[in-house]
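Going by this note's numbering, the first residue of the sequence shown is number 2, and it counts up by one from there.
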Amino acid sequence: MRIFYVTILSAILFSSCIHETKKKVLKETTKEDLKTGKKNEIQNNIIKQDICLLDKIEMYTSEHNGIKFYTENTLRGKGVIIVSIFQRLEFLNLNRTSFGSISKSKIGDNYEIKLPKTVIAREIIPNEDFQVFSFDAEIPEANKDFIIVYINQEKRLLKKESIKYKFETWNEYVKSSFIQLTSNTDNVSKEEKMYWYKVLEIKEDSMKIKSVKKESCDYIENYKDVTKWVKWRDSSSKLIKFNFCY
Numbered sequence: 002m003r004i005f006y007v008t009i010l011s012a013i014l015f016s017s018c019i020h021e022t023k024k025k026v027l028k029e030t031t032k033e034d035l036k037t038g039k040k041n042e043i044q045n046n047i048i049k050q051d052i053c054l055l056d057k058i059e060m061y062t063s064e065h066n067g068i069k070f071y072t073e074n075t076l077r078g079k080g081v082i083i084v085s086i087f088q089r090l091e092f093l094n095l096n097r098t099s100f101g102s103i104s105k106s107k108i109g110d111n112y113e114i115k116l117p118k119t120v121i122a123r124e125i126i127p128n129e130d131f132q133v134f135s136f137d138a139e140i141p142e143a144n145k146d147f148i149i150v151y152i153n154q155e156k157r158l159l160k161k162e163s164i165k166y167k168f169e170t171w172n173e174y175v176k177s178s179f180i181q182l183t184s185n186t187d188n189v190s191k192e193e194k195m196y197w198y199k200v201l202e203i204k205e206d207s208m209k210i211k212s213v214k215k216e217s218c219d220y221i222e223n224y225k226d227v228t229k230w231v232k233w234r235d236s237s238s239k240l241i242k243f244n245f246c247y
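Below is the structure:
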């Protein structure tokens, strides 16, 4: 269900995302910038952001009341924090000013979300079917009062008190997910990109994976017995796709 939903909306979002990126960068450009040799720098910035978006057509995860949520290929922090929302989550900037909040609605399983119109986090799906709130994060013990999470590619603070959470290192998170190979993964056939895999072993930037049968998850459409080693990350950038059977 989730994959079908994402596929339908990806094509719609693609052109608008590119347009909005260019519009934002150009809006912040002054006439003086163009005169003083910043033109090339500005143009390169547009190109870089477009390439980033082009690489992330499938990064869209969900939408809630006009707020669009995306994941990203960059792995930030030491792992992922998975939050169960029973009360209000208040996100702060590093200077302790408010960044936004997520809270459970008093009626039903809906959520009241006060965040920017575009949110980049590991995975946010705020609906009654999935209710997923995962953020790249530093080790919770790194700060006594706050958990350092990453939203919109920057550090934010989340108060530890009154929240229920689980922290997984990157290796733990990867092993808990299903894996799909992408065009960024080396030495992979077209057919192998169609399969889903589980991770058997991780050695630094490489992992040993094994394909999983269709009955492992309703979303799996193709299967062939494959076991192989692949490079799954390049520094802080992942070369694979995480999937979960929600």
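Backbone N, C-alpha and C fix where the C-beta goes; we use that ideal spot for every residue, glycine too.
Query	Result
Complete runs of the beta strand (DSSP E) confined to the region 128-154 [at least 3 residues]	133-138 and 147-152
Anticipated Cβ contact below 8 angstroms, Val175 with Val213, distance rounded	The pair is not a contact, with the Cβ atoms about 15 angstroms apart (cut-off 8 angstroms).
The region 161-181 contacting the region 115-122, beta-carbon criterion three pairs below 8 angstroms	no
Residues near Leu95 by beta carbon distance below 7 angstroms, same chain, minus five either side	Lys156 and Leu158
Three-state class that DSSP yields for Lys194 in the structure shown	helix
Proximity winner among Asp206, Tyr166 and Glu64, relative to Leu76 (alpha-carbon distances)	Asp206
Test: Val227 CB closer than 9 angstroms to a CB of chain C	Going by chain labels, chain C is absent from the structure shown, which holds only one protein chain.
Reduced DSSP secondary structure (H/G/I, E/B, other) of Lys115	strand
Straight-line Cα distance separating Tyr151 from Ile126	16 angstroms
Cα-Cα separation, Ile164 to Ser102	13 angstroms
Stretch pair the region 59-79 + the region 126-146: three plus CB contacts closer than 8 angstroms	yes
Alpha-carbon to alpha-carbon, Asp219 and Lys194	17 angstroms
Chain-order list of residues whose beta-carbon lies under 6 angstroms from that of Val133 (same chain, five-residue window excluded)	Glu124 and Ile126
Endpoints, beta strand (DSSP E) assigned at Lys176	Careful: Lys176 lies outside any beta strand (DSSP E), inside the alpha helix (DSSP H) at Trp171 to Ser177.
Buried or exposed (CB count within 10 angstroms, at least 16 for buried), Ala143	exposed
Run of the beta strand (DSSP E) containing Lys251, from where it starts to where it stops	Summary: the structure shown does not reach residue 251, with the chain confined to residues 2 through 247, and so no result is reported for it.
Selected residue, minimal CA-CA separation from Phe87, among Phe243, Glu192 and Tyr166	Tyr166
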